[in-house]
Structure formats: C-alpha cells, structure tokens
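Quick note on numbering: UniProt numbering labels position 1047 of the sequence shown as 1047, and the sequence is numbered without any gaps. Backbone N, C-alpha and C fix where the C-beta goes; we use that ideal spot for every residue, glycine too. Note that the structure is a prediction, hence the values are computed from the model and not measured.
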Amino acid sequence: MGRTVTYDHDAFGNLTAVTTPLLRAAYSYTDPNNKHLMTSVDEGGGAFVNTGSAAGRVTKQSHGNGTIDFNYITPGKKTQITTTIKDPAGAVLNTQTRTVEFDDQGQPSKVTDTFGNETRYTRNDKTWILREEYWENTGTPATPNLVLKTANDFTYDDKGNILTETRGSGSAVAKTASYTYHPTFGRLVTKTMKSAVNPLQDSVLTYAYDGTGNVSSSTETGLSGDGTSYTYTTSYEYDIHGHVTRIDGPRTDVEDVTTFTYDPVTSNRLTMTEPLIGTTTYANYDGLGNPGTITDPNGNTTTYTYDNVGRVLTIKAPGDTAVTEYGYTTVGCASCGGTISKIDHIIFPQGNRIDYFYDSMGNLSKIADTQGNSINYTYDSEGNQLKEEIKDPTGILQKTISYQYDALSRLTKTIYPDNTFSQYTYDNLGNQTSFKDPKQNITTSQYDSLSRLTATIQPGNITTGFNYNSNNNLTTVTDGNTNSTVYKYDDKGRVYQTISPDTGATTYTYDPAGNLKTKTDAKGITIAYTYDAANRLTKTDYPTDTDITYTYDNCVNGKGRLCAVADQSGTTSYEYTKKVQIAKENQTIDGIPYITQYTYDMNGNTRTITYPSGRVITYNYTNDRVTSMTSTIGGVTTTLAGNIAYKPFGGLASLTYGNALPRTINYDNQYRIASTTTGTIQSLSYGFDANSNITSITNTLDNTKNKSYSYDALNRLSSATGTWGNMLWTYDPVGNRLTQVDSVGTSSYVYQPGSNKLTGITGATTSSFAYDANGNTVTDNATTYTYNQNQRLIRAAAIQTGDYAYNASGERVKKTTVGTTTHFVYDRAGSLLIENASDGLTEYVYLNGEPVAKIDATGTSYIHTDHLGTPQMMTDASGAKVWAIEARPFGDNAAITGAGMLNLRFPGQYFDTETGNHYNYFRDYNPSVGRYIQKDPIGIAGGINLYSYVQNNPINWVDPEGLSPYSDLLKRAREYKPCDDKDRETLQQVLENLLPIGMTEKFTKSILSSSEIIAKGRNIRKVDELVEKFGGKAKDWLKKKGWDEFGKEWHWYENNGNKVGKKPAGSPDPF
C-alpha cells in the first residue's frame, strides 16, 4: 500500500485540484480573457486570489484580508510590490513596499525594502550570483544614505557548483570556504577553510563515495589546540538498496560501530545495534513503512497504530494499559477550495486531553484542556501572532499579551496588560539592534559584517565586547570593566583553553569523538576522563583524590542507562521502569544504604516516592496537575496538602495544608503574584514596577513588616526598606557591589585589579578575602576553605569546622561538624529529601519543587513560602507558628523566632551554621556579601560576573543550582506543561512544538502535520516542494518555469501557480 496523489482537470485541461492523503490544493481559472490563466489557489490556509491586467500580469494578490499590489513601473525592468498587512477586523497595521529591479537576463539586480535598505546582485551569463551586497540606509527612504553592510562573493564550476564562497568580502573578518566535487556524482568531496589555530594551514572535510554514490567515509583533518594535526574518519557501509548497514565512528581505541539490518523485500529497518547497549528491533510495519512495534534493548516494546495515510493514531508505551491517542482535523473547505490536515486533539493515557483549533487561514487559534481552560491566539494577515489570551472555562480572561511588527514582520513591540511595553529595532540583515524595556532603558547591539554580535551597550554606557575567529567561534568577551575572558579553539571548534581574569587558564583535550579527555586547571591539576565504545563516561581520574567510576547496562531495564556509580561518598545504583524512568536509587554513604523508590502514572507523572525510611509520599493528579498529596508510614496515611488548584495554564492558585490552613495565591493578568494568604498567619500583597520587579510587599497582618524596593537601570536591587531599616547598594558595571549602606553605616568593597575577586570590605564593616589560582575563596577573615581536585569545598575551618563530601552528581551528601555527621539524600530533581544525623532523621516533602512539609521526630511541620519559594514560616499540626524568619534582601542577618528549626533558605540553598554560608548545590553562597565564594562552574555562561548572586536581584530571581539565575515569577507561569518532552519526541513526525511551555513568551509555531506545506507570503504555491513530498515529476505539473519570487513579471502561468527556478547545484554546507 502506498500514498495516492490525484490530479483533477477541467474541460480545458487546466489542473484544478491536487489531492493527497493530507492535502487538497484547489486551483481556479476565471479570467474572462484567457481560460488557462490561474486566478486562485487554496491549500487549506485560505485562497490566494490573483487579479490582473489584460497583459496577463498579476496586479493584486489577496489572501484573507491581506493584499499584495504589483506596480510594473517599467515592465521587465522595475516592479514595485506593496504588501498591506491587516488585523482580523480589517484594520491596516502595516504597509510594506519593496522595489525590484531586473538585469537584462530578467533576474533581480537590486531589491529595495520599505526602509530604503538595498540588496544588490551581480550575476554571470548563466544567472548565477557572483556577488551579493547588503546596503543599509542610515537616512530615510526619501533621502537615503546607503552604507555597505556586508558583501558575499561566489565562484562556480561549469555545472553550477559553488567553488569558493567568501562571506564578509573586503572586511577584516572575511572568510572563504572552497569546495570540490565528485566528477561523476557531482557531490561534495572537500570543503576547505583556513585553520583557526594556524591561518597558514587548512582544515579540510573530505567525503569519499562508493561506486553507487553513497558516502563511504567522511574525514576531518585539522589542528588540535596545541598545534598538532588530527585526522578523524567515520566510515559507512550500505546494502544493495543504498541503506546504511554499518557506521564505524572516528575512535580507534574502541569498536564504536553501529549496525543496521533491513527487510530484503520492503527495505524497512529491522534492527539497530549500538555498541555495548544492544539491539533495538522494529517490526509489524504497515504498508506505508511505519513500524507497529519498536522493542528497545531491554526487551520493552512500544506499540504504534496509524491511519491509512501514515499519521500516528495511538502509542502504547511498555507497561501501560492505555494508549496516547491522536486525532486530526481537516482545515479548509473540501467542497469549495483547499484543505490541509492538522492535529485536532491528543488524549493521554490517564484520560485527559488537549484540543487544537484553527482559524480560516490555518493558523492555530486555540488550545483547550480537559477542563475548558484555553490559550487563544489572533494573527495578522501575514500570519504574525498579534495576541495571546488565556481564559478560564467560563471565558473570563486570565492573562494576555500583545505584539506588534514592522513592515517586514519583525517583532517591534511586546505590549503588556498594564500598557507598558518592550520595543525592538533591527538592521537590514534582521539583527536586533536595540531593546527598550518597559522602563524605557535601552540596550543596543552591534554586529560585524558576518552578522556576529560584537558589542552590547547597556544603560550607563556599559559595553560588553565580543570577538570571533574564522570559524565563528567566540574568542574574547570583554566585560564592562574591560576585563577579557579568552577562548582558544581547535579546528573542530572545541575549546582547548579558557583564560579568565578570575580563574586563570584551563586547558582541555578531546578524543576523536569529541569527548573531553583531560582538563587541567590553573593550579596545574589534570583530571582525565575515560569513555566506553558508546561514548559514555566510565571513569573520572583524579591525580590523588578518589576516582569516580560509572557502570552501565547491567541493572533492571538498564540497557543504555547508568546503573552504578562509585565515588568518594560511597556507591549509588539504579533500577529503571520499562519506560526508562528511575524506579529505584540505592545510595550508600559510610556503609549506610539509602533506598529511594519511584512509581509513575501512565502520563509519566511521579505517583509515589518511597523515602529511605519507608515513608511513601503519594501524589494524586487531575489533568496532570497534583490535586492532593499524602504521607503513609507504618500503615498510617495523613494528608499533607489537598484541594490543590491552579490558574489556567499557570501556577498554583490554592491549597489546604494538612493542618487545615488554607493558602490562596492571586495573580494579575500578567500572571505575576498579586497576593498570597495563608490562614491567619500570612497575608502579603505585591506591587511591581514596569519591568515586573517587585517594589513593595505589604503585610496586611503586621504593617511593621512591610517592605519596599527599588532598582537601577540594570534591574539590580539598589534600595530596600523593611524590618532591617533602610539599605542602599551601588555596583560597578559588571555587578560587583561597591557600597552597602545599612543601619551600621557605609561599607565599601575592594576588588583585585583586573578581576572580580572581592579582596576586602572597609568602613562600617571590615573583612578580607583571598583566593586560589582557580578563583575560589580560600580565606574569609578567620574562615579558611579547602577544596578537592574537582574544586568542591571539602573543609571550612572557623570557630567550628565543617567537612564535606559529594557524590558524582555534584550533590553534597555528607557533612561533619562538631563531631556530628549528617547524610543527605536528594530526589531526581536535586531537591533535598532527607538529612540523617545522630540526633535523628529529617524528611522534606515538595509540591511542584517547593517545600511544603518537614517531618522529624517531633511530627509534621508545614512550610509556608514567599513568592520565590523561600520558607518564611512553619506551623505544627494545630496550625500554630513554630518557626519564622525575617532576613535582609540578600538573605543575611536572619532573625529567627520559634522553637522549630529549618535550614532551607533561598530555593536550592541549605544554611550551614558553622560558616553562615548557604550550600547552593554546585557552589556555596555567602549572604553577608551577597555573592558566591566560588567562581561559577559554567563560567560566563551563567552571567558575566562569576561570583554575583542572581545578578543582584534576590527579590525576583533564584538560582537553585548555583549555576545560572532565572525569574521565579516566570518559573511559576511555566509550571504547567500540557504534555512533556517524551511526547514531543514521540510526535516528532506529527508536530512541531506540541504546546507552548511559557505563558509569558510569544508562541510562534503552529501545531502542524508533517506534511504542512502552506506557502506563506508572495508565492501562490511551491510546486517543487509538493513534488518532493508526494511524488510525480515537475514536467507533469508545469508547462513553464520562472524564477521563484523575483520573476521579471508576476504572470499567471498555465497550470502553474508559482514560478520554480533552478538553484545552483551542489550547494555546500553553510559555514
């Protein structure tokens, strides 16, 4: 069974319809003067209707309420194209005018956009582009002032294959790639560029072919970071039908070979065997070549069903008793025009569903969940999203955001419900040149002739500069203090050395597969890494510290998964479900086993967590949202939280704690928390500035605890008023604190010249600090810090001494202080589950990542958090307050009341009594100075300043892992995902971006079927694409060919809805 394509014609032989299993394209011929001239085409996204002159020229094209007008100023030489963009009501939003001039061959020689920017083309006698130039108009369209932005040059062989390609011609950053081609097959043989390590040498990518034109090997040659040469070859073998049967990777130290087998009759793939992991089997194919079952190396089978056109109907995961079901709808008018198939709904195994709706133009207009909550979208006539609205089941608006665009459909303004807005501008190459935030602070961006970002200029004229090498690798970042971080690369684009003003030089080496082989830090400590044939890390080898070893494949459902780890803290082993979710984690610390177990529902939600003590935390769901949670131990079950409700497609709205205290969270129409109330113990309301920074927290139960905040132009906290009095902060351009004013007086902060290392504090308070070569604090007044060879803190010696140990995941699992050893165990997300010490066991329970309960020998205490998820108080079973904290904005000088004890602080942080610091997963945070005591392990990827905490905005931002900050308010808006990542992977053949996961970000992609081929914009249809997808030959479709989009004149071609032109053959890979 195969796909069928049907062609219909009228009495005059005109093609009137093309029908495929997923698409119907309809064509009309209503011109009274020529019965063969096509006047409209509809492919399910609304008809494109042409009107024109007696000469057969198109003078207007309409699509929905949008129009494109063609003015043939000089027929054959100059044409003006005017696009009118309208909103759904027909109001004109934008008008874009382009002028196209043509050479004597009828090819575009100059295109002038609506802003007066020009793109110019020079061609040879075969019409192939020899040079393209982009000129930016720094004046106005009426009085232009053109400046050459960039130019690209090309040369060709006699077959039209590109021989050389120079980008940024004539500029200091120009780069050239040269190509050669196979004399028989015309396929790319070599791509040669200058070495990024030594420009006097080349890096070359070479392809070899077998006798039938299949790639038999790909070879990369170039220079490693130390200047030595490398040659990496990957080879391929095929069967007689051209299917790849063997891939031998570039490594020579192991058998990194993957093999494939196929059905000799149908050519369907039967098996894929990966090194060490085993064989994945594909079987029960339908007539369209879709596998009905896929069995993984563990022997677990996923079952698929399809409709008669190859769309997925159901997926049954291994171990499930129900399926995920997909339904489809036809968009358009089958009887009067074109149609196209799109996703209609998804029903998940637990019974909840998501429905999708479309407007008459085929745009996604609404997403609705089982409860009737919806996300609604409106678009302009060009398909740009104008508005996003979230509504509850009764249709009441909950959240909204709007967008505006320029005449080139580039986003220019994001408008929020309070009428504040962000603005964007662009250069003629589409690079964003400025961003104005809602408080009207402007950040500008500059680019080189290759459109690479070279500088950002923030308010206060704070400039961050960027430089690149010939391979487009970022080589230098110069911060606002003119300190530079330098990156050096090999010819494969792998970083072989970083040189930082804070961390010194770190050097890296790699194996042929790109795996990190060694890392040598600024102290000269080299860590070596070993990998198996599947390129999985098997050993981390330290010079003298305890090594880490990894074992794979030999546990329950563990083929292809990590099964055991041995590290300095002990051992950890894993077992998995049939769907490869962690079912059991057995961590041994000091010989004591801690076993944590998980179960899941069929939607993949965590159903239960069994703690090492045997306590079972059960999560109950409705529509994939936790609605209640219980704790069971010794046969006794208690409710920890119930009546849990949420905002539509948003965060937590209400719950009732196990001690009967109710919590309510109210949001504004930007989904910012407006107020939160917990019984009679907590009542807070929030005020915001235009940038959504919190400016006030009003405590309606105790106005002596009211707080107010203000921020500088970079959204850094600059002042705060609360129970601590008035505080002020100033910062240097990269966020180093310069002064702090508090009730004690003014303190000034001193830094090591040329770096961000805090060396001293003078004034109202005094402190001194010292660092090792890697940028980690080694002394802080009377406290000394010691690190292991992985740069993790293992000892802090002060009045009290703390000794620490970590597991291979980077979690601190052991602490010894004042003769007491405490063990820590974490869940899969890195949240602390238990701490076990000689004075007893403490367990923590979470809801959506926030702590809700602490359980110890005294019973269950309920944790009540603020807008960030930071604990503010605890109550006992009766609802009485047993612990409360009032800390300054950066978490220091905490005033604690009550008999209870809780060491959780900012999200992801744990208070260490021995130092006053907060353990923050991958680092340690010192709240008294508002910065980390270690450099950021991910470098400036986590922020330009390696030590600052949440970019000095602790009121609005969090950093649970100690790596990179984000807005917790945005996180809360993102808490609900109508479907998870595994669904996205499964539906890859059906959907692009199944659902938006950010409620405050623009949702720009539609829910489309895999055969979505709507041609937006000026072209009436894309014939080549349809032919390529659904078979047939171009000659069956066309009687004439023209040059796509920029034809000499826009004619109706007989039986042809648009112009299809020949591009140069053998186009190489882009740079």
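Less than 6 Å between C-beta atoms, sequence neighbours within five positions excluded: which residues of the same chain meet that for Gly775?
As a first step, residue 775 must be located in the sequence shown, where it is residue number 775. Once the five neighbours on either side are set aside, the close Cβ partners of Gly775 are Asp502, Thr503, Lys935.
Report yes or no: do three or more beta-carbon pairs, one from the stretch 255–262 and one from the stretch 516–527, lie closer than 8 Å?
no
In the DSSP output, what is Leu453 paired with across the bridge?
As a working note, residue 453 is residue 453 in the sequence shown. In the DSSP output, where bridge partners are listed per residue, Leu453 has Tyr447.
Would you mind listing the beta strand (DSSP E) stretches within the stretch 673–719 that are 3+ residues and don't spill past its ends, in chain order?
673–678, 682–688, 694–699, 707–711
Relative to the alpha-carbon of Thr370, which residue among Met361, Tyr529, Gln350 has its alpha-carbon at the smallest distance?
As a working mapping, residue 370 is identified with position 370 in the sequence shown. The residue with the shortest Cα to Cα distance from Thr370 is Gln350.
In this structure, does DSSP put Gln951 in helix, strand or coil?
Residue numbering aside, residue 951 sits at position 951 when the sequence shown is read from its first letter. Looking at Gln951 - three-state DSSP - the assignment turns out to be helix.
What runs of the alpha helix (DSSP H), each 4 residues or longer, lie entirely inside the stretch 850–890?
none
Same chain only: Cβ atoms within 6 Å of Asn124, ignoring 5 sequence neighbours per side:
If you number the sequence shown from 1, residue 124 lands on position 124. Result list for Asn124: Leu130, in chain order.
Rounded straight-line distance, which links the Cα of Arg120 to that of Thr99:
The count along the sequence shown starts at 1 and reaches residue 99 at position 99. The count along the sequence shown starts at 1 and reaches residue 120 at position 120. Rounded to the nearest angstrom, the two C-alpha atoms are 12 Å apart.
Along the chain, where does the beta strand (DSSP E) containing Arg792 start, and where does it finish?
Taking the first residue of the sequence shown as position 1, residue 792 is located at position 792. First-last for Arg792: undefined, no H or E at that position.
Assuming contact is defined by CB atoms lying nearer than 9 Å, are Thr842 and Glu850 in contact in what I supplied?
Looking up residue 842 in the sequence shown gives position 842. Looking up residue 850 in the sequence shown gives position 850. Against a cut-off of 9 Å, the Cβ pair of Glu850 and Thr842 comes out as no contact.
Helix, strand or coil: which one does DSSP assign to Asp10?
To locate residue 10, count along the sequence shown from 1; it is residue 10. Of the three classes helix, strand and coil, the one that applies to Asp10 here is coil, per DSSP.
Residue environment, Ser710, which counts as buried when at least 16 other CB atoms sit within 10 Å:
Translated into positions along the sequence shown, residue 710 becomes position 710. It is exposed - the Cβ of Ser710 has fewer than 16 other Cβ atoms within 10 Å.
Look up Gly524 in the DSSP assignment and say whether it is helix, strand or coil.
Along the sequence shown, read from residue 1 onward, the residue named residue 524 stands at position 524. In this structure, Gly524 counts as coil in the three-state DSSP scheme.
Name the two residues that bound the continuous beta strand (DSSP E) containing Thr639.
By one-based count along the sequence shown, residue 639 stands at place 639. Taken as a continuous stretch (DSSP letters only), the beta strand (DSSP E) holding Thr639 covers 636–646.
Do you know offhand how far Ala47's Cα is from Asn308's?
Counted from its first residue, the sequence shown places residue 47 at position 47. Counted from its first residue, the sequence shown places residue 308 at position 308. Each residue's Cα considered, the two are about 27 Å apart.
Under 8 Å, with one C-beta from each stretch per pair, do the stretch 942–954 and the stretch 920–933 reach the 3-pair mark?
yes
Per-residue DSSP class, three states only, for Ile940:
As a working note, residue 940 is residue 940 in the sequence shown. In this structure, Ile940 counts as helix in the three-state DSSP scheme.
Please identify the residue among Thr330, Thr184, Gly650 whose C-alpha is closest to the C-alpha of Lys391.
Taking the first residue of the sequence shown as position 1, residue 391 is located at position 391. The residue with the shortest Cα to Cα distance from Lys391 is Gly650.
State the DSSP-derived secondary structure class of Ile997, mapped to helix, strand or coil.
Position 997 of the sequence shown, counted from the first residue, corresponds to residue 997. With a pLDDT of only 24 at Ile997, under 50, the local geometry of the prediction cannot be trusted, and the value read off the model is given with reservation. Note: Ile997 maps to coil in three-state DSSP.
When you compare only the Cα positions, how much space is there between Leu474 and Thr414?
The residue you call residue 474 lines up with position 474 of the sequence shown. The residue you call residue 414 lines up with position 414 of the sequence shown. Roughly 30 Å separates the two Cα atoms.
Any contact between the stretch 677–685 and the stretch 912–931? By contact I mean 3 or more CB pairs, one from each, below 8 Å.
no
Cβ of Thr630 within 9 Å of Cβ of Thr622?
As a working mapping, residue 630 is identified with position 630 in the sequence shown. As a working mapping, residue 622 is identified with position 622 in the sequence shown. No, Cβ-Cβ distance for Thr630 and Thr622 is not below 9 Å.
What does residue 1087 pair with, by DSSP beta-bridge criteria?
Within the shown structure, residues of the chain are numbered from 1 to 1071, placing residue 1087 beyond reach of any answer.
Use the C-beta contact count for Ala26: other C-beta atoms within 10 angstroms, 16 or more gives buried, fewer gives exposed.
Counting from one through the sequence shown, the residue named residue 26 turns up at place 26. Burial call: buried.
List the residues that DSSP assigns as beta-bridge partners of His63.
Taking the sequence shown and counting its residues from 1, the one referred to as residue 63 is at position 63. Answer is Phe48, Gly66.
Taking the beta carbon of Pro927 as the centre, do at least 16 other beta carbons fall within 10 Å, making it buried, or is it exposed?
The residue given as residue 927 occupies position 927 in the sequence shown. Looking at its Cβ environment, which holds 16 or more other Cβ atoms inside 10 Å, Pro927 is buried.
With a threshold of 16 other CB atoms inside 10 Å of the CB of Lys1005, please say whether the residue is buried or exposed.
The sequence position of residue 1005 within the sequence shown is 1005, counting from 1. Here the model assigns Lys1005 a pLDDT of 23, short of 50, so the residue's position is not dependable, and the following value carries that caveat. The residue is exposed, with fewer than 16 neighbouring Cβ atoms inside 10 Å.
Ranges of the beta strand (DSSP E) found wholly within the stretch 135–165, counting only runs of at least 3
146–156
Would DSSP call Ala566 helix, strand or coil?
Here residue 566 is taken as the residue at index 566 of the sequence shown, counted from 1. DSSP places Ala566 in strand when its eight states are reduced to three.
In this structure, what does DSSP give as the bridge partners for Tyr749?
If you number the sequence shown from 1, residue 749 lands on position 749. Beta-bridge pairing links Tyr749 to Ile761.
Pro593, enclosing beta strand (DSSP E) - first and last residue:
Locating residue 593 in the sequence shown gives position 593, counting from the first residue. That run of the beta strand (DSSP E) goes 592–600.
Check for me: the beta strand (DSSP E) holding Lys539 runs from which residue to which?
On the sequence shown, residue 539 is found 539 positions in, with the first residue counted as 1. Here the beta strand (DSSP E) through Lys539 covers 537–541.
Assuming the contact rule is C-beta atoms closer than 8 Å, Tyr328 and Ser341 should be a hit. Round their C-beta distance to whole Å, please.
For this step, residue 328 is matched to residue 328 along the sequence shown. For this step, residue 341 is matched to residue 341 along the sequence shown. At roughly 5 Å, the Cβ-Cβ gap stays under 8 Å, so Tyr328 and Ser341 are in contact.
Distance check for Gly45 and Ala11, CA to CA, integer angstroms please.
To locate residue 11, count along the sequence shown from 1; it is residue 11. To locate residue 45, count along the sequence shown from 1; it is residue 45. Those two C-alpha atoms are separated by around 26 Å.
Figure out for me which residue from Glu274, Leu655, Phe911 has the closest Cα to the Cα of Arg536.
Looking up residue 536 in the sequence shown gives position 536. Of Glu274, Leu655, Phe911, the residue nearest in Cα terms is Glu274.
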